[in-house]
Every structure is written in structure tokens, then in C-alpha cells.
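Right, here's the structure in full:
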């Protein structure tokens with residue numbers, strides 16, 4: 001709105017109508033500055049549809065206040081006695097009305113700019129989210145591939161350990177088989193030695209019995225020998241001694 005100074009007639013001093021006109025003029029200027037500031041800040045403040053709706057409602061509320069005061073200012077000329085004052089007030093009313101319409105158009109443009117900014121941010125956010133999702137998916141694939149490789153290495157190590165255990169088990173089984181064979185041979189040898197021992201025992205028993213028999217025979221032979229010797233001596237020598 002134009003900030004030109006409202007001329008006020010000084011015929012007989014300021015009357016009530018001129019005072020009201022000046023007050024309304026100042027109010028319109030104050031609300032106009034407030035409206036233009038909000039319209040300028042709207043694209044930056046409206047980051048989403050809710051903010052845009054709130055800012056638009058606030059601007060429309062200020063527009064309504066300005067429009068009400070313009071209407072009141074348009075009624076003042078009828079109460080003025082000076083033609084120049086009436087023309088001056090009507091001129092200001094027209095100027096305020098034009099400025100208000102221009103502000104309405106600026107509000108629409110600012111709203112469109114805010115929507116474009118939101119669309120741009122949304123597209124950028126979607127692209128960023130897409131990039132984030134792509135990077136996350138790539139990272140997950142890499143981690144999954146890494147886990148697969150680690151799992152494969154662990155599986156290969158486990159297979160090697162199992163093969164080693166199987167080899168050890170086979171060696172143990174071969175040792176057991178060899179031990180079983182050795183035990184079998186030892187058992188057979190034991191039986192064989194047992195048979196030999198039994199045979200030896202029998203032979204020893206027979207030899208001992210034979211030795212005893214031999215001793216008895218020797219003793220009998222000795223007795224017989226001594227008896228024979230005594231008999232011979234008795235016959236040849238002792239009887240002769242008796243006769244002497």
C-alpha cells in the first residue's frame with residue numbers, strides 16, 4: 001500500500017471524521033506491512049500442506065481485517081464537508097483496494113511457490129530415500145555375501161574337521177582290528193601254550209611216577225643185593241666161625 005501522507009483539511013481544526021480516517025489509514029498500513037511480511041515468509045515457513053494451510057489462513061485473516069477497515073474508510077467521505085478531503089479519502093480507499101488485490105495475487109503466487117518447493121523437496125527426499133535404500137540394499141547384499149563367504153569357510157573347515165575325525169576313526173578302527181587280531185593270535189598261542197603246558201605236566205607226572213618207581217626198584221635191588229651178600233657171607237664165613 002502507498003505510504004503517502006493522507007492530507008487532512010484544517011478547516012476549523014480536525015473533526016471526528018478526519019480523525020477516524022487517519023486512524024483507519026494507519027491501521028490499514030500496519031496490517032498491510034504485516035500481510036506483506038507473512039506473504040514473503042510463506043514459502044520458507046510452509047514446509048508441508050499443514051503449514052501452508054495455517055499460513056494461508058493467517059494471511060486471509062489479515063486480508064479480512066484490511067478489507068473491513070477499507071470498507072469503514074470508504075464510509076468516512078460521506079461525513080466530510082470538504083470536497084478535497086472526500087476526494088483524498090476516496091483516493092486512498094481506491095489505492096488501498098488495489099494494493100489489497102495485489103496482495104491477494106501475491107498470496108496466491110507465494111502459495112504456488114511454496115507448493116513447488118514442497119514438491120521439489122519431496123522429490124529430492126524420495127531420491128535421497130531411494131539412494132539410501134539403494135545403498136542400504138547394496139550394503140545388505142554385501143553383508144549377506146560376506147556372511148555367505150564366512151559360512152562357506154566355516155563349512156569347509158567343518159568338512160575338513162569331519163574328514164580328519166573320520167580319518168582318525170578309521171585309524172582307530174584299524175588299530176582295533178589289529179589289536180583284535182593280535183588278541184586272537186595271543187589267545188591261540190595261549191591255548192597252544194596251555195596245551196604244551198598240560199602235556200608237560202603229564203610228562204612230568206609220568207616222569208615223577210617213573211622216578212619213584214625207579215627209586216623203589218633201586219631200593220629193592222639194593223636190598224636184594226645186600227641180602228644176597230649177607231647170605232653169601234653167612235654161608236661161607238660166619239658158619240665157619242661158629243664151628244671154631
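Numbering (the UniProt record's numbering), first residue to last: 1 to 244.
Glycine included, every Cβ here is placed at the ideal spot set by N, Cα and C.
Per DSSP, residue 235 lies in no alpha helix (DSSP H) and is assigned neither H nor E. Under the three-state reduction of DSSP output, residue 48 falls in the coil class, being neither helix nor strand. When Cβ pairs closer than 8 Å are counted between the two stretches, the stretch 38 to 54 is seen to touch the stretch 103 to 116, the count reaching three or more. By the Cβ rule, the stretch 78 to 85 does not count as touching the stretch 119 to 126, because fewer than three pairs are nearer than 8 Å. Within 10 angstroms of the beta-carbon of residue 35 lie 16 or more other beta-carbons, which makes it buried. Linking residue 23 to residue 40 through their CA atoms gives a straight-line distance of about 26 Å. Going by beta carbons, residue 100 and residue 66 fall inside the 7 Å limit. Residue 56 sits away from residue 102, with the two beta carbons spaced by 7 Å or more. Looking at 53, 177, 31, 82, the one whose alpha-carbon comes closest to that of residue 17 is 82.
Here DSSP, grouped into helix, strand and coil, assigns residue 80 to coil. Between residue 93 and residue 70 the beta-carbon gap is near 6 Å, inside 8 Å, which marks them as a contact. Judged by beta-carbon spacing, residue 59 lies within the 7 Å limit of residue 38, meaning their Cβ atoms are closer than that value. About 6 Å separates the Cβ atoms of residue 63 and residue 104, confirming a contact at the 8 Å cut-off. Rounded to the nearest angstrom, the gap between the Cα atoms of residue 74 and residue 126 is 52 Å. A straight line joining the alpha-carbon of residue 26 with that of residue 96 spans about 11 Å. Under the rule that a run must span 4 or more residues, no alpha helix (DSSP H) segment is found entirely inside the stretch 127 to 207. Of 72, 191, 203, 158, the smallest CA-CA separation from residue 21 is found for 72.
Rounded to whole angstroms, residue 231 and residue 218 show a C-alpha spacing of 19 Å. Within a 10 Å sphere around the beta-carbon of residue 31 sit 16 or more other beta-carbons, which makes this residue buried.
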